[in-house]
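Quick notes on the structure that follows.
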Amino acid sequence: MQAVCAHAGQTCLRRLLLKTCPQNKLLHSCFQLLLLLLCLALVVFAFTMSGSVSSWDTLPLDEYYQRLFNQTRETKFRPPPFRVHRNLTHTRIPTTAPSPTPSSASVSPPTTPATTLPPHFHQAYAPNYHFTMDNPDACKDPPFLVLMVPVEPKNVAARDAIRKTWGKEPLVLGERVLTMFMLGQAGGDPNSLSGENLQHHDLIQSDFTDSYQNLTIKTMVIMHWLAMRCDNATFAMKIDSDMFLNIGNLVDMLKKPQIPRANYLTGMIMWNRPVIRSKNSKWYVPEEMYPEPQYPTYVLGAGYVFSNDLPARFVDISGTIKPFNIEDAYIGMCMKRLGLAPTSPRTLRSSKPITPTTIAASSRGSSPTSWAPRSSCSSTGPT
Numbered sequence: 001m002q003a004v005c006a007h008a009g010q011t012c013l014r015r016l017l018l019k020t021c022p023q024n025k026l027l028h029s030c031f032q033l034l035l036l037l038l039c040l041a042l043v044v045f046a047f048t049m050s051g052s053v054s055s056w057d058t059l060p061l062d063e064y065y066q067r068l069f070n071q072t073r074e075t076k077f078r079p080p081p082f083r084v085h086r087n088l089t090h091t092r093i094p095t096t097a098p099s100p101t102p103s104s105a106s107v108s109p110p111t112t113p114a115t116t117l118p119p120h121f122h123q124a125y126a127p128n129y130h131f132t133m134d135n136p137d138a139c140k141d142p143p144f145l146v147l148m149v150p151v152e153p154k155n156v157a158a159r160d161a162i163r164k165t166w167g168k169e170p171l172v173l174g175e176r177v178l179t180m181f182m183l184g185q186a187g188g189d190p191n192s193l194s195g196e197n198l199q200h201h202d203l204i205q206s207d208f209t210d211s212y213q214n215l216t217i218k219t220m221v222i223m224h225w226l227a228m229r230c231d232n233a234t235f236a237m238k239i240d241s242d243m244f245l246n247i248g249n250l251v252d253m254l255k256k257p258q259i260p261r262a263n264y265l266t267g268m269i270m271w272n273r274p275v276i277r278s279k280n281s282k283w284y285v286p287e288e289m290y291p292e293p294q295y296p297t298y299v300l301g302a303g304y305v306f307s308n309d310l311p312a313r314f315v316d317i318s319g320t321i322k323p324f325n326i327e328d329a330y331i332g333m334c335m336k337r338l339g340l341a342p343t344s345p346r347t348l349r350s351s352k353p354i355t356p357t358t359i360a361a362s363s364r365g366s367s368p369t370s371w372a373p374r375s376s377c378s379s380t381g382p383t
């Protein structure tokens with residue numbers, strides 16, 4: 001009985017195997033076909049990527065991705081283009097950034113800014129302004145030294161103080177010295193300024209808004225006036241109205257034969273000064289105005305002396321430099337573009353440690369630093 005059952009079981013198993021064998025063969029054939037298609041796909045892919053593979057052989061993979069991500073980052077954070085004023089005629093520019101016209105949109109390379117720029121820094125090319133008050137014959141007799149004093153229109157007291165002290169003498173050590181005041185536009189009675197100029201013949205006024213943020217414009221207009229009206233002077237000095245100048249010592253220094261009369265700029269030199277990015281600071285400069293982390297070497301704006309060949313060169317090169325609101329550092333940028341460097345005179349020293357918390361002369365100083373020449377110039381106000 002057991003033998004019969006065993007024989008019957010083997011017969012059933014044999015029938016089951018014979019029944020499933022064709023199914024296994026079909027699955028095996030399908031698998032082989034799928035594997036063949038996959039191999040063909042890999043061959044095609046390898047052929048199309050042969051160029052990329054050859055480039056990877058010469059460039060490490062991590063360097064490849066680093067370069068790729070750097071390019072993406074630069075594209076994303078590239079600052080907007082800036083309009084550079086190159087018109088050398090005396091024209092008055094608008095108070096807001098001009099909008100692009102259909103015809104200018106197709107011109108290459110583009111010069112129209114992608115965004116509206118603040119008026120206080122996109123208008124910085126001095127020939128775009130004109131003088132509303134002038135003394136064009138002030139340098140008819142060639143001066144040895146011209147003292148250019150930027151001052152607020154309403155600050156008559158400062159002008160009178162200078163006229164009674166270091167700006168009083170027209171002749172110092174046998175050399176002619178001329179003192180002129182540079183003003184912008186502000187509220188007030190224009191007739192009072194006209195009367196003051198008729199009395200003293202020492203006011204220059206241009207059609208920019210007189211404000212702290214516009215000091216770069218004011219300084220460049222000073223340079224423009226020197227280049228236009230007083231190119232026969234030997235030296236010039238830009239000095240703030242709240243400084244006291246020992247004019248005798250200065251003239252004595254400039255008369256020395258070792259002082260160059262070309263490509264010369266001297267004052268308290270600032271090296272490696274960081275750009276202040278804090279919006280709460282008086283000297284805040286956004287990255288779209290000046291993207292570098294440090295300023296070029298410059299001289300402190302409270303007072304600096306230069307040979308009178310430089311003003312025309314400053315005005316000319318300023319047409320290629322994006323302006324920012326730190327006027328002394330901007331002059332440093334002009335010097336850098338001209339391939340020049342300021343000179344440090346031995347008569348200048350720091351009056352206290354130079355830190356961002358100290359300022360020149362008073363709370364309205366020109367730069368976040370403090371200085372006083374040893375024998376030529378010192379502050380009339382608290383430091």
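For the sequence shown, UniProt numbering assigns the number 1 to the initial residue and increments by one for each residue that follows. Using N, Cα and C, we set each Cβ at its ideal position, and we do this for glycine too. Note that this is a predicted model, so its numbers are computed, not measured.
query	result
By the 10 Å Cβ neighbour count, where 16 or more other Cβ atoms means buried, how is Asp141 classified, buried or exposed?	exposed
How long is the line joining the alpha carbons of Gly188 and Lys154, rounded to whole angstroms?	7 Å
Output needed for Pro136: all residues of its chain with C-beta closer than 7 Å, excluding positions within five of it in sequence on either side, in chain order.	Arg229
Please list the terminal residues of the continuous alpha helix (DSSP H) segment that includes Phe314.	Leu310 to Ser318
Taking contact to mean 3 or more Cβ pairs, one atom from each stretch, closer than 8 Å, check whether the region 232 to 249 and the region 162 to 175 are in contact.	yes
Give the single residue among Ile331, Tyr129 and Phe181 whose Cα lies nearest to the Cα of Glu152.	Phe181
Note down, in chain order, each residue of its chain lying with its Cβ closer than 8 Å to the Cβ of residue 388, except the 5 sequence neighbours on either side.	What the structure shows of the chain is the stretch from 1 to 383, and residue 388 is not part of that stretch, so it cannot be assessed.
Compare the Cα-Cα distances from Ser241 to each of Ala126, Asp316, Ala158 and Ile321 and report the closest residue.	Ala158
Go ahead and pull the three-state DSSP assignment for Ile276.	coil
For Gln32, write down the residues that DSSP places opposite it in a beta bridge.	According to DSSP, which records beta bridges pairwise, Gln32 is partnered with nothing at all.
Distance check for Ile321 and Cys334, CA to CA, integer angstroms please.	8 Å
Could you pull the DSSP bridge partners for Tyr284 from this structure?	Bridge partners of Tyr284: none, in fact.
Where does Ser211 fall in DSSP's three states?	coil
Please go through the same chain and pick out, in chain order, the residues whose beta-carbon is closer than 8 Å to the beta-carbon of Phe324, but skip the five residues on each side of it.	Phe121, Thr216, Val285, Met289, Tyr290 and Tyr330
So does the region 255 to 262 actually touch the region 196 to 207, counting three or more Cβ pairs closer than 8 Å?	no
Which value, in whole angstroms, describes the spacing of the CA atoms of Ser318 and Lys282?	24 Å
Which same chain residues, not among the five before or five after residue 386, have their C-beta less than 6 Å away from its C-beta?	With the chain covering 1 to 383 only, the question about residue 386 has no answer from this structure.
So, for Pro118: in the same chain, excluding its five sequence neighbours on each side, which residues have a beta-carbon less than 6 Å away from its beta-carbon?	Caution is warranted here: a pLDDT of 45 is assigned to Pro118, below 50, making its placement in the model unreliable, and no coordinate value can be reported.
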